[in-house]
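Chains as they are written, first to last, in this note's numbering: chain A, 1 to 129; chain B, 130 to 258; chain C, 259 to 342; chain D, 343 to 426.
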């Protein structure tokens, strides 16, 4: 059982979380990328600017991750979240879950992101085109 | 809306499905890797040998993928499945879903894999240690 | 007529062969061929059971139980799949 | 006592500043500070509303409404988060 959390400046790196799988117990690797979309509320944007209240944001992400890992019996959960400017088409969030089976990985992914959007002190501001 | 299906000899390549995201509409990229685990029915194995009845396997995977893309309003679904030997710790299945939002991506991932395990003429045989 | 049925996975292992040829009447349906498989090879009886999800594929597509088989069709028993 | 409250996101935009200092009595709780924010800055009234999910963080942890504030605490208004 492990948790890795990082808030990074700008978009999350493309290869984050793709380290070699723990051999043996892991049967499912589920990876989610949240991507900045072009339209928000019917208006075109060029980027989102993310602000994080640190160190609380990392602490809350870690607490939520540990709770989700425990509740769903995951092997590991890693999360990268952006701070600063992320252009349309780039990822501002990556979550990688490793579990024995796909069932708990899928449920845990939804639960983790729901909690992140409710409880983690991060704010985004649109940069309009 | 697009579907890409491939049955590949041996483990699925590590970078499959990570091509640059379609800019603009995609808000969620969800990627699932099914990994060969060490224990099956309490016995230790070294690999799984996969057999596919082709071209039916590719046809069924394509039909299921198109149905899931339509039913859940996905932007795209890509799937790689192994044929032949896949060692413990390597991936035998990769599914990459691109969608506007995470909700439909998570539901569609579960639905696609459930259908694959029920309807696609692929069989695995354990290679015991 | 003679119908050759391709076998895979646990079905092939149980039958001890990759295909089995069964005799059925002209106009036989998928249901008839499944039943003939069970009669022709005792270990297959439990596997070629529609009630347990066994289906025939005809020319690489799943076929209804009532579909008639033509002598030139490629027929395969699809049961106990285990992909993923 | 004077309590400085850090503001972020839509709360900072509405208030027009990154922090706001409010006057509350000794032994004031989080609930008192939230109410004082709404009185001190009209646009904040709707945002610093516990009924709409607004919470205070005290020293980088979410605090209960009944938690007393100490003069040395770092206090932040956490509302309308939008990460992800």
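We put the beta carbon where it would ideally sit given N, CA and C, even for glycine.
Quick caveat: nothing in here was measured; it's all calculated off a predicted structure.
Across the stretch 157-191 of chain B, CB contacts with chain A closer than 7 Å involve 157, 158, 159, 160, 161, 162, 163, 164, 166, 167, in sequence order along the chain.
Each residue's CA atom was taken as its position, placing residue 388 of chain D and residue 417 of chain D some 19 Å apart.
Assignment of residue 343 of chain D by DSSP, reduced to helix, strand and coil, places it in the coil class.
The secondary-structure analysis by DSSP pairs residue 168 of chain B across a beta bridge with B:173. For residue 49 of chain A, DSSP records a beta bridge to A:85, A:125. Closest by C-alpha distance to residue 237 of chain B, out of B:138, B:205, B:166, is B:205.
Distance from the CA of residue 11 of chain A to the CA of residue 295 of chain C, rounded to the nearest whole angstrom, comes to 59 Å. Contact between residue 248 of chain B and residue 158 of chain B is ruled out by a C-beta separation of about 25 Å, above the 8 Å threshold. With a beta-carbon spacing of about 19 Å, residue 165 of chain B and residue 225 of chain B fall beyond the 8 Å limit used to define contacts. The stretch 283-293 of chain C and the stretch 320-335 of chain C touch, with no fewer than 3 CB-CB distances between them shorter than 8 Å.
In the three-state reduction of the DSSP assignment, residue 320 of chain C falls in the strand class. Rounded to whole angstroms, the separation of the alpha carbons of residue 316 of chain C and residue 245 of chain B is 19 Å. With a threshold of 8 Å between beta carbons, residue 123 of chain A makes contact with chain D.
Sorting A:110, A:102, A:86, A:124 by C-alpha distance to the C-alpha of residue 9 of chain A places A:86 at the top. Against chain D, the beta carbon of residue 87 of chain A has no neighbour under 8 Å; the closest one sits roughly 17 Å away. Judged by their CB atoms, residue 102 of chain A and residue 242 of chain B are nearer to each other than the 8 Å cut-off. In the three-state DSSP reduction, residue 187 of chain B falls in the helix class (H, G or I).
By the beta-carbon neighbour count (other beta carbons within 10 angstroms, threshold 16), residue 227 of chain B is buried.
Between residue 229 of chain B and residue 173 of chain B, the C-beta gap is not smaller than 8 Å, which leaves the two residues out of contact. Nearest to residue 281 of chain C by C-alpha distance, out of C:267, C:298, C:268, is C:298. Below the 7 Å Cβ cutoff, chain B contributes 250 as neighbours of residue 336 of chain C, in chain order.
Scanning A:121, A:127, A:123, A:111 for the CA closest to the CA of residue 69 of chain A turns up A:111. Residue 29 of chain A is bridged by DSSP to A:98, B:162.
Below the 9 Å Cβ cutoff, chain C contributes no neighbours of residue 206 of chain B, its closest Cβ being approximately 15 Å away. Within 8 Å of the CB of residue 133 of chain B, no CB atom of chain C is found; the nearest one sits about 17 Å away. The three-state reading of DSSP puts residue 193 of chain B in helix, counting H, G and I together. For residue 424 of chain D, the chain A residues whose Cβ falls inside 8 Å of its Cβ are 117, 122, 123, 124, in order along the chain. For residue 271 of chain C, the enclosing alpha helix (DSSP H) has its first and last residue at 267-273.
At a cut-off of 8 Å between beta carbons, residue 285 of chain C makes no contact with chain B.
Residue 267 of chain C has its alpha-carbon roughly 33 Å from the corresponding atom of residue 72 of chain A. Checking the DSSP bridge columns, you'll see residue 237 of chain B has no partner listed.
Residue 84 of chain A and residue 51 of chain A have their alpha carbons spaced roughly 6 Å apart. At a C-beta separation below 7 Å, residue 242 of chain B has these neighbours in chain C: 342. For residue 167 of chain B and residue 176 of chain B, the gap between their C-alpha atoms comes out near 8 Å. Taking 8 Å as the upper bound for CB-CB distance, residue 265 of chain C and residue 276 of chain C are in contact here, some 6 Å apart. In summary, residue 160 of chain B is buried, with 16 or more beta-carbon neighbours lying within 10 Å of its beta-carbon over all protein chains present.
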